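One rule links them: number in our numbering = place in the sequence shown (from 1) + 10.
Think of the CB as a built atom: it goes at the ideal place given N, C-alpha and C, for glycine as much as any other residue.
Bear in mind that the values here come from a model prediction, so they are computed numbers and not experimental data.
Report on the following structure.
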Amino acid sequence: MQHASLKKRLLLPVLAAIALVWIAATAITYIDARSELDEVLDAHLTQAASLLAAQSPHEIDEIDTEHAPQLHKYSRRVAFQIWENGKTLRLHSLNAPQEPLAAIDHGFSNRLIDGHPWRVFSTWDESGVHLIHVAERSDARERIAREIAGHLLLPLLIALPILAVLLWLAITNALRPLIVLAQDVERRDPDNLAPLQTTSAPDEVLPLIERLNRLFVRIRETFDNERRFTADAAHELRTPVAAIRAQAQVARGASDDAARLHALDNAIAGCDRATHLIEQLLTLARLDAAGNTAMASTSVRQLAAEVIAELAPAALEKNVHIELADGEDIAITGLPVLLRILLRNLIDNAVRHNPSGTLVTVKTTRTEGKPALTVADNGAGVAGEDIAKLSERFFRPLGTAESGSGLGLSIVRRIAEIHGAKFRISSAGAGGLCVAIVFPVD
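Shown next as structure tokens:
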């Protein structure tokens, strides 16, 4: 698909507008000039008729029709007749016909004579004896009007190419900042995300440059996050893989079955931890593309009950009790699959990182009129300075007994962002932690 040049988009409409305005002005001037011309030439006809009417009868008889006086500079296109008593043709110009020039005896009329249009003025002399017709070819008037229009249009034909060149140069100069900007972007290395300079940019280009700079900042932050995520993921995966290798070596060198089985059990546990970490990493990667998925109305309380039922065996094994507290059954517009992952990570974190005998309470309610989900526990809690870091990727507080990937709350926060929800972590009243997800009102 071809894209029109910005110069052409600016130049052609401007030239077209100038031409249209000039042509419209010429048309208006032509119409006005034609009207004025008709009045002037009509006045010439009446003046010529008055001159003829002022002649005395014996002067009329003495006029030589072969050498009739020039009444107008367009005399070849002007004719006259003098009729006695309106019946006898006493005098006429050489180009006048033998029949009357007009069918009326007073005022203006238009006649077609020998295939040519004529404008005729008729009047009687003071004696009332002589009827005078003075006529002019209408095409003479048309020629004068065309000459006036030509004189008006000629400057446009001369000026338009000159204007086109001047406008082209002016537009090229005005668009130079865009050309410089395009060259700057084209010469950049792929990893150069430094802000574009705005020093010489005109006001109209500044919004574009500012938005590009903001885009560069977001891209740079994304790249930095991905690099950091990749480095952290490689580090986190290295640990369980090294542990599995070590346990495999122990099992191979074990001298008795008990030691070998113990090493193999540890290797299997390491595989489980690595599998869990990989699943979390894949979940995070999939979340970036989940924002474009169609959403549907979802019951958060029903999802919570299903997730609690899934995690109940693991919780019972660790002697952690999970309860779904009484509350409102809130329905939100969201992605059920992601909301299930959110609930699973919240409840699984509370079960994993708390001691035996902990109570984990899941509640659906409304906070300030907005749907809210809270998962709270009465476990050991986290130091105040670490609470704000809990949702960072791969962060695990010092002294954490249960191993984990450090990605659970990062996943929860990302899913909350996809749903436009607010993610809050605070200390619970009983000493544990409370995570609240406040959804927007549909």
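Checklist entry - Leaving out the 5 sequence neighbours to the left and right, which residues in its chain are closer than 8 Å to Asp52 when beta-carbon positions are compared? => result The sequence position of residue 52 within the sequence shown is 42, counting from 1. By the criterion of a C-beta distance shorter than 8 Å, Asp52 is surrounded in its chain by Phe118, Arg129 and Phe131, once the five residues flanking it on both sides are discounted.
Next on the checklist: On a Cα-Cα basis, can you pick out the residue from Leu164, Leu122 and Asp115 that is closest to Thr36?
Outcome noted: Here residue 36 refers to the residue found at position 26 when the sequence shown is read from its first residue. Closest option to Thr36, Cα to Cα, is Leu164.
Checklist entry - Where does the unbroken alpha helix (DSSP H) through Val24 begin, and where does it stop? => result Walking along the sequence shown from the start, residue 24 turns up at place 14. Taken as a continuous stretch (DSSP letters only), the alpha helix (DSSP H) holding Val24 covers Leu16 to Ala63.
Checklist entry - If we count the other Cβ atoms within 10 Å of its Cβ and call it buried at 16 or more, is Leu353 buried or exposed? => result Against the sequence shown, residue 353 aligns to sequence position 343. Buried, since its Cβ has 16 or more Cβ neighbours within 10 Å.
Next on the checklist: So if DSSP puts Gln91 in a beta bridge, which residue, or which two residues, is it bridged to?
Outcome noted: Here residue 91 refers to the residue found at position 81 of the sequence shown. Note: Gln91 sits in a beta bridge opposite His102 and His143.
Checklist entry - Which residues in the same chain as Thr374 place their Cβ atom closer than 7 Å to its Cβ, once the five residues preceding and following it in sequence are excluded? => result Start at 1 with the first residue of the sequence shown, and residue 374 comes out as number 364. Take Thr374, set aside five residues on each side of it, and the residues of its chain with a beta-carbon closer than 7 Å to its own are Val310, Arg311, Ala314, Gly337, Glu338, Asp339, Ile340 and Leu383, in chain order.
Checklist entry - Thinking C-alpha only, which one of Leu188, Glu136, Leu206 and His272 is nearest Ala261? => result Taking the first residue of the sequence shown as position 1, residue 261 is located at position 251. Of the listed residues, the one whose Cα sits closest to Ala261 is His272.
Next on the checklist: Quick test of your reading: Ile357 and Leu334, contact by CB under 8 Å. State the CB separation rounded to the nearest angstrom.
Outcome noted: Taking the first residue of the sequence shown as position 1, residue 357 is located at position 347. Taking the first residue of the sequence shown as position 1, residue 334 is located at position 324. Contact check for Ile357 and Leu334: beta-carbon distance about 10 Å, past the 8 Å limit, so the pair fails to qualify.
Next on the checklist: Looking at the strands, I want to know which residues DSSP matches up with Ile342.
Outcome noted: The residue given as residue 342 occupies position 332 in the sequence shown. According to DSSP, residue pairing for Ile342 in a beta bridge involves Thr308.
Checklist entry - Any C-beta of chain B sitting closer than 8 Å to the C-beta of Val347? => result Judged by its chain identifiers, the structure shown contains no chain B, having just a single protein chain.
Checklist entry - Would you say Leu173 and Leu25 are within 8 Å of each other, going by their C-beta atoms? => result Numbered from 1 along the sequence shown, position 163 holds the residue referred to as residue 173. Numbered from 1 along the sequence shown, position 15 holds the residue referred to as residue 25. Yes, they are a contact pair.
Item to check | Asn120 - partner residues in DSSP beta bridges | outcome: Here residue 120 corresponds to residue number 110 of the sequence shown, with the count starting at 1. Bridge partners of Asn120: Arg129.
Next on the checklist: To the nearest angstrom, how far is the alpha carbon of Ile9 from that of Glu196?
Outcome noted: Outside the modelled stretch of the chain, which goes from 11 to 452, sits residue 9, for which no answer is possible.
Checklist entry - How would you call Asp135, buried or exposed, if buried means at least 16 neighbouring beta carbons within 10 angstroms? => result Position 125 of the sequence shown holds residue 135. Under a 10 Å Cβ-count criterion, Asp135 is classified as buried, with 16 or more other Cβ atoms of the shown protein chains found around its own Cβ.
Next on the checklist: Between Gln108 and His143, how many whole angstroms is the CB-CB distance? I'm expecting something under 8 Å.
Outcome noted: Residue numbering aside, residue 108 sits at position 98 when the sequence shown is read from its first letter. Residue numbering aside, residue 143 sits at position 133 when the sequence shown is read from its first letter. Their Cβ separation, rounded to whole angstroms, is 12 Å, which puts Gln108 and His143 out of contact at 8 Å.
Checklist entry - So what's Pro381 in DSSP terms, helix, strand or just coil? => result Counted from its first residue, the sequence shown places residue 381 at position 371. Three-state DSSP puts Pro381 in a strand.
Next on the checklist: Starting from Glu333, trace the alpha helix (DSSP H) in both directions and tell me its first and last residue.
Outcome noted: Numbered from 1 along the sequence shown, position 323 holds the residue referred to as residue 333. Per DSSP, Glu333 lies in no alpha helix (DSSP H) segment; the continuous beta strand (DSSP E) that holds it begins and ends at His331 to Leu334.
Next on the checklist: Taking the alpha helix (DSSP H) that Ala446 belongs to, which residues open and close that run?
Outcome noted: Residue 446 sits at position 436 when you count from the first residue of the sequence shown. Bounds of any alpha helix (DSSP H) do not take in Ala446; it lies within the beta strand (DSSP E) bounded by Leu443 to Val448.
Next on the checklist: Suppose the cutoff is 7 Å on Cβ atoms and the five residues either side in sequence are ignored; what does the same chain contact list for Ala211 look like?
Outcome noted: Position 201 of the sequence shown, counting from 1, holds the residue named residue 211. For Ala211, same chain residues with a beta-carbon under 7 Å away, outside a window of 5 residues either side, are Pro187 and Ile219 in chain order.
Item to check | Asn355 to Thr208 span [Cα, whole Å] | outcome: Residue mapping note: residue 355 aligns to position 345 of the sequence shown, counting from 1. Residue mapping note: residue 208 aligns to position 198 of the sequence shown, counting from 1. Looking at the two C-alpha atoms, the distance is approximately 46 Å.
Item to check | Spatially closest choice to Val370 from Ser148, Val445 and Ala169, by CA coordinates | outcome: Taking the first residue of the sequence shown as position 1, residue 370 is located at position 360. Residue nearest to Val370 within the set Ser148, Val445 and Ala169 is Val445 (criterion: CA-CA distance).
Checklist entry - When the distance is taken between beta carbons, is Ile425 closer than 8 Å to Leu348? => result For this step, residue 348 is matched to residue 338 along the sequence shown. For this step, residue 425 is matched to residue 415 along the sequence shown. Yes. Within cutoff.
Checklist entry - Measuring CA to CA, which of Asn105, Leu191, Tyr40 and Thr56 is closest to Ile154? => result Here the question's residue 154 lines up with position 144 in the sequence shown. In terms of Cα proximity to Ile154, the closest of Asn105, Leu191, Tyr40 and Thr56 is Tyr40.
Item to check | Where the alpha helix (DSSP H) containing Ile189 begins and where it ends | outcome: As a first step, residue 189 must be located in the sequence shown, where it is residue number 179. Secondary structure note for Ile189: its alpha helix (DSSP H) is the uninterrupted segment Arg186 to Arg197.
Item to check | Proximity test, Val385 beta-carbon vs the ligand ADP heavy atom, cut-off 7 Å | outcome: The ligand ADP is not among the ligands present in this structure, which contains no ligands whatsoever.
Next on the checklist: Can you find the residues in the same chain that come closer than 7 Å, C-beta to C-beta, to Thr133, ignoring five residues on each side of it along the sequence?
Outcome noted: Residue numbering aside, residue 133 sits at position 123 when the sequence shown is read from its first letter. Answer for Thr133: Ala59, Ala63, His116 and Ile142, listed in chain order.
Checklist entry - Given Leu321, which residues of its chain have a CB within under 8 Å of its CB, disregarding the five upstream and five downstream residues? => result In the sequence shown, the residue the question calls residue 321 occupies position 311. Cβ within range, chain order: Ile332, Arg354, Ile357, Asp358 and Val361.
Next on the checklist: Bridge partners for Lys328 per DSSP, in chain order?
Outcome noted: In the sequence shown, the residue the question calls residue 328 occupies position 318. Per the DSSP secondary-structure output, Lys328 pairs with nothing in a beta bridge.
Checklist entry - Helix or strand or just coil, what does DSSP make of Thr209? => result For the purposes of this step, residue 209 is taken as the residue at position 199 of the sequence shown. DSSP places Thr209 outside both helix and strand once states are collapsed to three, so it counts as coil.
Checklist entry - What do you get for Asn202, buried or exposed, if any count of 16 or more other CB atoms within 10 angstroms of its CB means buried? => result What you label residue 202 is simply residue 192 of the sequence shown in a count that begins at 1. Asn202 comes out exposed.
Next on the checklist: Quick check on Val361: does DSSP put it in helix, strand or coil?
Outcome noted: Counting from one through the sequence shown, the residue named residue 361 turns up at place 351. Correct three-state label for Val361: helix.
Item to check | Cutoff 7 Å; reference Ile181; Cβ partners in own chain excluding five residues on either side | outcome: Locating residue 181 in the sequence shown gives position 171, where the first residue counts as 1. Excluding positions up to five away in sequence, the list reads Lys17, Leu20 and Leu21.
Item to check | Spatially closest choice to Ile278 from Glu289, Ala268 and Ala253, by CA coordinates | outcome: Stepping through the sequence shown from its first residue, residue 278 is reached at position 268. Of the residues Glu289, Ala268 and Ala253, the one whose Cα lies closest to the Cα of Ile278 is Ala253.
Checklist entry - From the DSSP output, which residues share a beta bridge with Asp387? => result Taking the first residue of the sequence shown as 1, we reach residue 387 at position 377. DSSP lists Val370 as partners of Asp387.
Checklist entry - On the premise that Gly280 lies in contact with Gln257, defined as a C-beta separation below 8 Å, what is that separation, rounded to the nearest angstrom? => result One-based indexing of the sequence shown puts residue 257 at position 247. One-based indexing of the sequence shown puts residue 280 at position 270. With 8 Å as the limit, Gln257 and Gly280 qualify as a contact, their Cβ atoms being about 6 Å apart.
Next on the checklist: I'd like to confirm the pairing. Which residues does DSSP put opposite Ser437 in its beta bridges?
Outcome noted: The residue given as residue 437 occupies position 427 in the sequence shown. Paired residues: Leu443.
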